[in-house]
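Reading through the structure tokens given below for one structure.
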Amino acid sequence: MNKPLRRISLFCGLLVLALLIRTNWLQYVQAEELSTRKENRRVQIAQYATERGNIIVAGEPITGSAVTDGSDYKYKRTYVNGELWAPVTGYASQAFGSTQLESLEDGILTGNDDRLFFDRTIGMFTGEKKQGGNVVTTLNPDAQKAAFDKLGKKKGAVAAIDPRTGAILALVSTPSYDPSRFAGNSKADGNAWVELKDSEDKNLVNRALRETYPPGSTFKVVTAAAALENGVVKEINDPTDTPEPYFLPGTKTPMVNHASGCEKASLNEALRVSCNSVFANLGNQVGRDNMVKTAEKFGFNNDKIDIPVRAFASVYDKKMGKDGNAQSAIGQFNTAATPLQMAMVTAAIANDGKLMKPYMVDQLTAPNLDVIEKHSPEEMSRPLSAANAQKVQEMMVNVVEKGTGEKAKIDGVKVGGKTGTAQHGEGNKKRPYAWFISYAENADGTSPVAVAVVIEDSDADREDISGGGLAAPVAKAVMEAVLKSGK
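If you read the sequence shown in my numbering, its first letter stands for residue 12, the second for the next number, and so on.
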């Protein structure tokens, strides 16, 4: 071979080598980066090229798929009772992406998860079209509907947990939205999205997980637990050393009570009538650092509570002064909690001091219904001893039987609860939040349900807004639904 031909051959060989290197670089090094770029529509087209698997509640799908006309996206997501289940499912939209379970479990639902590789491989040989797997939730449909119907047009949220396992039984946020309205990519879908996105009612926000509120007097059960755990109170019926009036530490500001008989009231009586002075005094005696430790054992200040949707962190301030700590001990000042967090507090108390990690997905299944992942209940922490938890239970039962939580009574069932009316806004001028936390017992003493309810506003007059009046009936309906279902 002459010299020019050798040069041409060498040059062509180098070009082929460069092409091979570039091809392998694209396929193996840059593959993930390129596949996740927003400009790459092929990925999204492939995502909607087949029917998605379903999200399941009590054996029934609450999602589906429908053929899309006039689009290169073949299927779009559909929802059964979308407004009811949106706080659980989130949305999957051809135009606006996905959230919550639809997003976090997208690999399973689309069939792209590596754990479904065998099913995809078999399908290549059998000619079966690609299918998505299913997400089986822990939700109780009766409890979910009871919470949704009872909240009605009010702005609010409900979280209900099985204290024994941590399984979430209900997760409701109102006002809600129907994800089907913007599941496609048409002009109508875009208009629906803009309407919801810009709504003053914040329909797209999951209030049960992604809003924090001052918990008000419901937080007093945490302060009671801290006082018992730290030996500040030994017997719940012994008088405390709370004067009347009680002045916040280092100030001349009296703590206002909305009940009588709070001077030297016992812990039990103070919780029954909700004495601010007693719990502010106990919070001060426990001290900020010990209050923080107890609150954190219940889940406060934890920004990684995933169910698997991540909840906002609830807050108990680590740096406030003594007066701030005293106010925080009654659920005011900088204290803030999600409804999920207060359901966790209630569940730990109802479960004799053992807090189980909350979860919403029971199992993931392949298209043929084979289980590919099963959740196992997991202990999260021990905020208080069994003995002290039972003392707090006794006090919470007293609140329902003889105190501010009487509207949560259920015939023939032992119910424990705590009301809360949380002030907020500059000078506390805004309409207060109405809270109620509660649990119900089985005949064997175990609790199948713990509930937290918050109502942001209602049609009631400001003077008539209270946890016992507005939120307790919602909690009662949820507890009754769980008890009747026998789960």
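Ideal Cβ positions, reconstructed from N, Cα and C, are used throughout, including at glycine. Please read all numbers here as calculations on a predicted model, not as lab measurements.
Pick helix, strand or coil for residue i, following the three-state DSSP scheme.
| i | result |
| --- | --- |
| THR246 | Per the sequence shown, residue 246 should be read as Glu rather than Thr. Looking at GLU246 - three-state DSSP - the assignment turns out to be coil, as it is neither helix nor strand. |
| VAL326 | strand |
| VAL403 | helix |
| THR100 | helix |
| GLU94 | helix |
| PRO484 | helix |
| MET367 | strand |
| ILE341 | coil |
| SER496 | helix |
| MET391 | strand |
| THR346 | coil |
| ILE318 | coil |
| SER277 | strand |
| SER76 | strand |
| SER501 | Since the first residue shown for the chain is 12 and the last is 498, residue 501 is missing from the structure and cannot be characterised. |
| GLY436 | Any reading at GLY436 is ruled out, since the residue's pLDDT is 47, under 50, leaving its predicted position unreliable. |
| ALA454 | coil |
| ALA171 | strand |
Going by DSSP, what residues sit across from residue i in a beta bridge?
| i | result |
| --- | --- |
| LEU375 | VAL146 and GLU384 |
| LYS166 | ASP468 |
| TYR84 | The partner list for TYR84 (beta bridge, DSSP) is empty, contrary to what the question assumes. |
| PHE258 | PRO265 |
| SER449 | GLY428 and VAL462 |
| GLY108 | SER104 |
| VAL68 | GLU71 |
| TYR59 | Answer is none; TYR59 lacks a bridge partner. |
| ILE19 | For ILE19, which the question treats as bridged, DSSP gives no partner whatsoever. |
| THR89 | GLY75 |
| ILE421 | VAL424 |
| ALA178 | TYR370 |
Does the separation of the CB atoms of residue i and residue j fall below 8 Å?
| i | j | result |
| --- | --- | --- |
| LEU72 | VAL183 | Inspection of the sequence shows that residue 72 is occupied by Pro rather than by Leu. Not a contact, by the Cβ cut-off of 8 Å. |
| GLU274 | PRO260 | no |
| THR305 | PHE230 | no |
| GLU62 | SER76 | yes |
| MET367 | PRO174 | yes |
| THR415 | SER288 | no |
| PHE290 | ALA340 | yes |
| GLY122 | LEU112 | no |
| GLU94 | ASP189 | yes |
| PHE344 | SER325 | no |
| TRP204 | PHE107 | yes |
| GLY227 | TYR444 | yes |
| ALA361 | SER271 | no |
| LYS87 | GLY195 | yes |
| VAL147 | ASP468 | no |
| GLY118 | THR376 | no |
| PRO394 | ILE172 | no |
| SER277 | PRO256 | no |
Please name the residue, chosen from the options, that lies closest to residue i on a Cα-to-Cα basis.
| i | options | result |
| --- | --- | --- |
| ASN151 | ILE179, PHE258 and PHE447 | ILE179 |
| ALA463 | ALA397, GLN55, ALA359 and ASN453 | ALA359 |
| TRP96 | ALA69, PHE107, ILE316 and ALA276 | ALA69 |
| ARG79 | PHE193, CYS286 and MET266 | Position check: residue 79 holds Thr in this sequence, whereas Arg was assumed. Ranking PHE193, CYS286 and MET266 by Cα distance to THR79 puts PHE193 first. |
| PHE309 | THR432, VAL408, ALA235 and HIS269 | ALA235 |
| ASN292 | ALA237, VAL320 and ARG283 | ALA237 |
| SER187 | GLN58, LYS208, VAL408 and ASN196 | LYS208 |
| ALA281 | VAL403, ASP373 and ASP317 | VAL403 |
| GLU405 | ASN145, GLY456, ASP160 and ILE172 | GLY456 |
| SER191 | HIS269, GLY118, ASN92 and VAL233 | ASN92 |
| ASN65 | ASN453, PHE107, PRO378 and THR110 | PRO378 |
| ALA60 | ASP381, LYS141, SER277 and ARG17 | LYS141 |
| GLY364 | TYR370, MET355, VAL372 and LEU21 | MET355 |
| GLY480 | LYS418, PRO250, LEU16 and VAL408 | LYS418 |
| VAL489 | VAL460, LEU278, GLY342 and GLY497 | VAL460 |
| ASN279 | ASN268, ILE247 and LEU115 | ILE247 |
| THR74 | ALA57, PRO15 and LEU120 | LEU120 |
| THR149 | PHE159, VAL232, ASP125 and THR176 | THR176 |
| ARG218 | ARG283, THR251, LEU494 and ALA181 | ALA181 |
| MET371 | VAL267, LEU220 and LEU16 | LEU220 |
| LEU380 | SER109, SER114 and LEU127 | LEU127 |
Please confirm whether any heavy atom of the ligand NAP lies closer than 7 Å to the CB of residue i.
| i | result |
| --- | --- |
| VAL243 | Summarising the ligand content, the structure contains no ligands, and the ligand NAP is consequently not present. |
Would the stretch 485–493 count as touching the stretch 237–248 if we require 3 or more Cβ pairs under 8 Å?
Touching, no, given that fewer than three Cβ pairs across the two stretches are closer than 8 Å.
Report yes or no: do three or more beta-carbon pairs, one from the stretch 389–408 and one from the stretch 184–200, lie closer than 8 Å?
Short answer: they don't touch.
Is the number of C-beta pairs between the stretch 157–174 and the stretch 344–353 that are closer than 8 Å three or more?
Contact holds: three or more Cβ-Cβ distances are below 8 Å.
Could you tell me whether the stretch 321–341 touches the stretch 287–306, where touching means 3 or more Cβ pairs closer than 8 Å?
These segments touch.
Three or more C-beta pairs below 8 Å linking the stretch 322–332 and the stretch 415–431
Cβ pair count under 8 Å is below three, so no.
Should the stretch 315–327 be called in touch with the stretch 406–414, which here means at least 3 C-beta pairs below 8 Å?
Judged by Cβ distances under 8 Å, the stretch 315–327 makes no contact with the stretch 406–414, as fewer than three pairs qualify.
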